[in-house]
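**Q**
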Amino acid sequence: MLPEHASQTPAVRAVEIHHLTPQPPAVAAPAQVVPVQPGTVPSVASVVLPDGRVVTGYSLSPLQPEPLAAKPPVSRAAVNVALGGVGFLAMCGGLLLLTTFIAALTALVTQLITLAAVIFGGWIAVQVFTASGHRGGSTVNIRKATFKRNHFHG
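For the sequence shown, our numbering assigns the number 11 to the initial residue and increments by one for each residue that follows.
#1: In the DSSP assignment, the beta strand (DSSP E) including residue 116 goes from what residue to what residue?
#2: If you draw a straight line from the alpha carbon of residue 75 to that of residue 85, how long is it in whole angstroms?
#3: With DSSP as the reference, identify every bridge partner of residue 25, one or two as the case may be.
#4: Kindly indicate the opening and closing residues of the beta strand (DSSP E) around residue 67.
#5: DSSP three-state label for residue 55, please.
#6: Identify which residue in 138, 56 and 135 has its Cα closest to the Cα of residue 65.
#7: Straight-line CA distance for residue 136 to residue 118?
#8: Classify residue 11 as buried or exposed, calling it buried when 16 or more other Cβ atoms lie within 10 Å of its own Cβ.
What follows is the structure, given as structure tokens:
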């Protein structure tokens with residue numbers, strides 16, 4: 011049997027250590043230079059890392075916001091308010107003309123009614139007060155009539 015203290019000690023294992031071996035940087039063949047117009051192809055940037063490797067890639071330019079449309083010298087809200095004011099003034103003028111027309115029409119109707127009353131009243135007065143001869147029927151002289159027991163005796 012194993013002694014008592016031997017079962018409590020951990021077992022020793024073999025440890026393997028791996029050492030990384032640096033790779034020499036790959037030497038790339040020089041790229042062919044093709045003349046191009048500036049602005050059509052983005053520029054190429056190369057960065058040398060601390061371990062000697064060279065990373066080459068396109069540089070990213072920051073995104074430029076789209077240019078804003080040129081603002082007119084007068085804002086649209088101001089133009090809308092001005093047009094609304096012009097429309098309101100035109101409407102007020104129209105309402106003033108409308109009320110003037112209604113007042114004139116009312117005065118005309120009043121004068122026509124007055125004229126009709128004068129003409130019709132004059133015609134009635136002429137019919138009542140004209141002493142034209144007897145046109146038929148009987149004339150009764152009320153002064154000579156006598157009333158007896160609510161009966162007329164002529």
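Built from N, CA and C at the ideal position, the CB exists for glycine as well.
**A** So, to answer that:
#1: Translated into positions along the sequence shown, residue 116 becomes position 106. Unbroken run through residue 116 is the alpha helix (DSSP H), 86-139; no beta strand (DSSP E).
#2: For this step, residue 75 is matched to residue 65 along the sequence shown. For this step, residue 85 is matched to residue 75 along the sequence shown. Going by the C-alpha atoms only, they are around 23 Å apart.
#3: As a working mapping, residue 25 is identified with position 15 in the sequence shown. Paired residues: none, contrary to the question.
#4: Working through the sequence shown from its first residue, we reach residue 67 at position 57. Counting along the chain, the beta strand (DSSP E) containing residue 67 begins and ends at 64-68.
#5: The residue labelled residue 55 in the question sits at position 45 within the sequence shown. If DSSP states are grouped into helix, strand and coil, residue 55 belongs with the strands.
#6: Working through the sequence shown from its first residue, we reach residue 65 at position 55. When each option's Cα is compared against that of residue 65, the closest is 56.
#7: For the purposes of this step, residue 136 is taken as the residue at position 126 of the sequence shown. For the purposes of this step, residue 118 is taken as the residue at position 108 of the sequence shown. Residue 136 and residue 118: Cα-Cα distance of roughly 27 Å.
#8: Numbered from 1 along the sequence shown, position 1 holds the residue referred to as residue 11. At residue 11, the pLDDT of 49 sits below 50, so the modelled position is not reliable and the matter cannot be decided from this model.
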